[in-house]
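Protein chains in written order, with this note's numbering: chain A, 37 to 479; chain B, 31 to 347.
No residue lacks a Cβ here, since even glycine has one placed at the ideal position from N, Cα and C.
Please read all numbers here as calculations on a predicted model, not as lab measurements.
Here's the structure we're looking at; comments come further down.
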Amino acid sequence: MTMSTTSPERAAGPTAYYRFRPLNIGRYLIWSLFAIALIVLPMLFTSSLAVTMLSQMGYAIIICLSYNILLGQGGMLSFGHAVYTGLGSFIAIHAMNLAAAGKLPIPLVLIPLVGGLAGMFFAILLGFVTTKKSGTTFAMITLGIGELVASMALMFPEFFGGEGGVTTNRVYGQSIFGMTFGPAIQVYYLIAAYCFVCTAAMFAFTATPLGRILNAVRDNPERVEFIGYNTQRVRYFAFIIAGFFAGIGGGLAAINFEIVTGADSVNMVRSGGYLLFTFLGGATFFFGPIIGGVLLVLASVLLSELSKAWLLYLGLVFLFMVMFAPGGVASLVMMNLRVAKFGKLRPLLPAYLALVGTALVALFGAAAMVEMLYHLQLNAALGPEMEFLGATVNAAKLSSWFGAGFVLVTGLALFELCRRQFIQQWGLVQEEIEHEIKRGEAL
Amino acid sequence: MNAEFFTISLLNGVSYGLLLFMLSSGLTLIFSMMGVLNFAHTSFYMLGAYFAYTLSGLVGFWPALVLAPLAIGTLGALFERYSLRRVHKFGHVPELLVTFGLSYLILELVQLVWGRSTVPYGLPTQLQGPLFTIFGTQFPKSRSFIMLVALLMLISVWLLLTRTRIGLVIQAALKHPEMVQALGHNVPRVFMLVFGGGCALAGLAGVIGGNTYITEPAMAGSVGSIIFVVVVVGGMGSLAGAFLASLIIGLVQTFAVAIDYSLATALQGMGIGVSPETFGWPVLKLTLSQVAPILPYLFLVLILIFRPRGLLGTRED
Numbered sequence: 037m038t039m040s041t042t043s044p045e046r047a048a049g050p051t052a053y054y055r056f057r058p059l060n061i062g063r064y065l066i067w068s069l070f071a072i073a074l075i076v077l078p079m080l081f082t083s084s085l086a087v088t089m090l091s092q093m094g095y096a097i098i099i100c101l102s103y104n105i106l107l108g109q110g111g112m113l114s115f116g117h118a119v120y121t122g123l124g125s126f127i128a129i130h131a132m133n134l135a136a137a138g139k140l141p142i143p144l145v146l147i148p149l150v151g152g153l154a155g156m157f158f159a160i161l162l163g164f165v166t167t168k169k170s171g172t173t174f175a176m177i178t179l180g181i182g183e184l185v186a187s188m189a190l191m192f193p194e195f196f197g198g199e200g201g202v203t204t205n206r207v208y209g210q211s212i213f214g215m216t217f218g219p220a221i222q223v224y225y226l227i228a229a230y231c232f233v234c235t236a237a238m239f240a241f242t243a244t245p246l247g248r249i250l251n252a253v254r255d256n257p258e259r260v261e262f263i264g265y266n267t268q269r270v271r272y273f274a275f276i277i278a279g280f281f282a283g284i285g286g287g288l289a290a291i292n293f294e295i296v297t298g299a300d301s302v303n304m305v306r307s308g309g310y311l312l313f314t315f316l317g318g319a320t321f322f323f324g325p326i327i328g329g330v331l332l333v334l335a336s337v338l339l340s341e342l343s344k345a346w347l348l349y350l351g352l353v354f355l356f357m358v359m360f361a362p363g364g365v366a367s368l369v370m371m372n373l374r375v376a377k378f379g380k381l382r383p384l385l386p387a388y389l390a391l392v393g394t395a396l397v398a399l400f401g402a403a404a405m406v407e408m409l410y411h412l413q414l415n416a417a418l419g420p421e422m423e424f425l426g427a428t429v430n431a432a433k434l435s436s437w438f439g440a441g442f443v444l445v446t447g448l449a450l451f452e453l454c455r456r457q458f459i460q461q462w463g464l465v466q467e468e469i470e471h472e473i474k475r476g477e478a479l
Numbered sequence: 031m032n033a034e035f036f037t038i039s040l041l042n043g044v045s046y047g048l049l050l051f052m053l054s055s056g057l058t059l060i061f062s063m064m065g066v067l068n069f070a071h072t073s074f075y076m077l078g079a080y081f082a083y084t085l086s087g088l089v090g091f092w093p094a095l096v097l098a099p100l101a102i103g104t105l106g107a108l109f110e111r112y113s114l115r116r117v118h119k120f121g122h123v124p125e126l127l128v129t130f131g132l133s134y135l136i137l138e139l140v141q142l143v144w145g146r147s148t149v150p151y152g153l154p155t156q157l158q159g160p161l162f163t164i165f166g167t168q169f170p171k172s173r174s175f176i177m178l179v180a181l182l183m184l185i186s187v188w189l190l191l192t193r194t195r196i197g198l199v200i201q202a203a204l205k206h207p208e209m210v211q212a213l214g215h216n217v218p219r220v221f222m223l224v225f226g227g228g229c230a231l232a233g234l235a236g237v238i239g240g241n242t243y244i245t246e247p248a249m250a251g252s253v254g255s256i257i258f259v260v261v262v263v264g265g266m267g268s269l270a271g272a273f274l275a276s277l278i279i280g281l282v283q284t285f286a287v288a289i290d291y292s293l294a295t296a297l298q299g300m301g302i303g304v305s306p307e308t309f310g311w312p313v314l315k316l317t318l319s320q321v322a323p324i325l326p327y328l329f330l331v332l333i334l335i336f337r338p339r340g341l342l343g344t345r346e347d
């Protein structure tokens, strides 16, 4: 009331009340930490493998976040996201070649935007058909469109470069402030800058009216129709925005690798990978796909080196994640943060240790068996001897199978015991937290 | 286009279309009943082929024709019971995701057990050779066997759904699951049976498709997207629509791969001069056989623009 007396001209509007807006310290802190991490990480991990992986993570994060606009925020399960990253890559690489030939005056710094605009253009074109439906039908249509583009990539070698793909050289034009973008570290910082800006932009998008109504379309499309919005158009707009950011990610990939092939960059396996890792990271929280992008690179670069059976492990992890923690890694993090916030994490620590320990034992047994099986299947010519975690194992001997099986069964049994214990404890802690929240409200 | 080419392509197209229908019917049944799009459906098809390959080495083809689908059906039912049912409460997207994860796993396991290349899954002696000769071209027994099995399956599924008690319960559970549950039927078990049954149909298609075509780890992926097209084009949840769409897509694909006309030859035939310098030559020079792989997907896009609920569909979501 005091406000309305001091400023009567503002009293008429609904914004008449005074809103106290403190500096959102937590938010500033997190974003600064994110920026610092992007700057500092290549100084900590200086090997060329690490820098390449960090670069890949940079655009994998953008792509997974853009995918999550569809999956997490819009409830649209797309099986064809690689179409927009891949076509973005192709347009970007053609733009780079044209620029290098002096036909287009585009500096390298803006090439990702070209990729983004290309992704957006194709999202406008194909999204019109795709977003006509929602839910399961949407998923099938994206699958069909994905196959369509993937087959087309092999039909037009003039544009997609056939089997060999299109190559380019990212060092062209004048250097800006001594940046030629020849060395990998300079490319990393370009990618990191785009990663930060795109992440911020996509976070800002979640707070726009479109972003909010997109969540409503995901949760209850019928009611959104009732309050006068066209759900199809909301999905279409979100799809276009996701296509834009996917294209930026694709453009950065083209700059990083200097080669794009049609068979690899637009195919369904890649789309499936984006889906898988966005989900593993966690589609229900904004930062989930960031974890997903990091995991994507770690798995496809490191895990695939470590074990031939990595797709099997990945499939199993994914299956268990969907069944037991559909919020992904991010939801696990948030649940434990909540427990930590109420200072109840410490009593849970022994249970966690027991869980991890027994799970590792079971995993050890299972991994030994899987690796032996793969060894027998793929490396039969090398004889039955194989290396497993530094030890030599004879995969043809029954004793090693029994040993591995025994470890697995023991691990599983102990894990089950610990799990029961843990679930009880977890339930108790949750109850206590609920209690405290209620008491806080009553005060 | 002469009569010989037309007849043989027609027969091949119909037999391929019927194989597609065997796959899409199971998918449609599962979808219309449980609302679950089984992404791993063609993985069960692939498993059917591999199981039949191993079983026919042990007990012969004809027992394998029965045993393999039963085994696949059991696997499907177990998957429904222990994995899908658990996810059911999270909604349709996690259900789709869990079957997506399963398709990854089955592919890896198949490669692990049977290797990464094709397996020599051959036809039994009774199905080798031509059934009849028409216009000097032979029509193989194996393809007519596919047609026979598909038609028998179509009739028996139809009889099962409309003439038996369990069929009526299934139909009722499709429309009003709560009411059926209230009447004392075990609806989750009916779901499990339907899922297992659908997978068994896919397995059956694998047993007879695997030796007529090729048995390899890529066989699930190559036919997977096509049957999703079939289900959308036919209309989500419509068995008759799936039948029609399978036949259309089977015929279109079979005819297209054999026709070497392109837009350029068509324009030249009309007296319009087209040469490699003409604008759009990369598109014009593509022959129909080259674009055959994308025709089903183009068809899907066209259907979605002009008839979004599919050929015979009733759902408008």
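Tell me which same chain residues have a C-beta within less than 7 Å of the C-beta of residue i, skipping the five on either side of it?
i, result
"M52 (chain B)", "A180, M183, L231, L234 and A235"
"S62 (chain B)", "L204 and G267"
List the residues of chain A whose Cβ lies closer than 8 Å to the Cβ of residue i, in chain order.
i, result
"V287 (chain B)", "Per Cβ cutoff of 8 Å: no residues; V287 (chain B) is ~13 Å from chain A at best."
"V262 (chain B)", "T173, M176, I177 and G180"
"P124 (chain B)", "V358 and P362"
Kindly list the residues whose CB is nearer than 6 Å to the CB of residue i, restricted to its own chain and excluding five residues on each side of it in sequence; keep chain order.
i, result
"G318 (chain A)", "G324, G363, G364, V365, A366 and S367"
"G191 (chain B)", "Reading off the sequence shown, one finds Leu at residue 191 (chain B), where the question assumed Gly. If we look at L191 (chain B) and ignore the five residues flanking it on each side, its Cβ neighbours are G197."
"G328 (chain A)", "C100, F313, T314, L316 and G317"
"M112 (chain A)", "L106 and F174"
"G280 (chain B)", "G43, Y46, G47 and L50"
"L293 (chain B)", "L314"
"I469 (chain A)", "F378"
"V282 (chain B)", "L325"
"I295 (chain A)", "G201 and T203"
Would you please state the rounded distance, in angstroms, between the beta carbons of residue i and residue j? I believe it to be under 8 Å.
i, j, result
"S348 (chain B)", "S86 (chain B)", "Residue 348 (chain B) is absent from the model: chain B starts at 31 and stops at 347."
"C229 (chain B)", "L105 (chain B)", "7 Å"
"F451 (chain A)", "A395 (chain A)", "6 Å"
"V237 (chain B)", "A82 (chain B)", "4 Å"
In chain A, what lies closer than 7 Å to residue i by C-beta?
i, result
"R116 (chain B)", "M359"
"F120 (chain B)", "P362"
Along the chain, where does the alpha helix (DSSP H) containing residue i start, and where does it finish?
i, result
"V140 (chain B)", "H122 to W144"
"F336 (chain B)", "L325 to F336"
"T58 (chain B)", "A33 to M64"
"P383 (chain A)", "L381 to L414"
"T194 (chain B)", "First-last for T194 (chain B): undefined, no H or E at that position."
"L450 (chain A)", "L434 to A478"
"I278 (chain B)", "L269 to A288"
For a cutoff of 9 Å on Cβ pairs, would you count residue i as touching chain A?
i, result
"E138 (chain B)", "yes"
"Q283 (chain B)", "no"
"M266 (chain B)", "yes"
"T58 (chain B)", "no"
"I324 (chain B)", "yes"
"P15 (chain B)", "As displayed, chain B neither begins before 31 nor continues past 347, which places residue 15 (chain B) out of reach and without an answer."
"V143 (chain B)", "yes"
"F61 (chain B)", "yes"
"Y134 (chain B)", "yes"
Shorter than 9 Å from the beta carbon of residue i to some beta carbon of chain B?
i, result
"S340 (chain A)", "no"
"A402 (chain A)", "no"
"M304 (chain A)", "yes"
"P44 (chain A)", "For P44 (chain A), the pLDDT reaches just 42, beneath the cut-off of 50, and the residue's location in the model is therefore unreliable, leaving the point undetermined."
"G287 (chain A)", "no"
"L332 (chain A)", "no"
Name the two residues that bound the continuous beta strand (DSSP E) containing residue i.
i, result
"F174 (chain A)", "It is not in any beta strand (DSSP E) - F174 (chain A) instead sits in the alpha helix (DSSP H) that spans G171 to M191."
"Q168 (chain B)", "T167 to P170"
"V429 (chain A)", "A427 to N430"
In chain B, what lies closer than 7 Å to residue i by C-beta?
i, result
"V165 (chain A)", "V331, L334 and I335"
"E183 (chain A)", "S255 and Y327"
Any beta carbon of chain E sitting closer than 9 Å to that of residue i?
i, result
"Q466 (chain A)", "The question asks about chain E, but that chain is absent: this structure's protein chains are A and B."
Applying a beta-carbon distance threshold of less than 8 Å, which residues of chain B neighbour residue i?
i, result
"S187 (chain A)", "P323, I324 and Y327"
"M191 (chain A)", "L316, Q320, V321 and I324"
Spatial neighbours of residue i within its chain, please: C-beta separation below 8 Å, excluding the five flanking residues on both sides.
i, result
"P44 (chain A)", "Its pLDDT being 42, under 50, P44 (chain A) is placed unreliably by the model, and the measurement read from it follows with that caveat. So the list is empty, once near-sequence residues are dropped."
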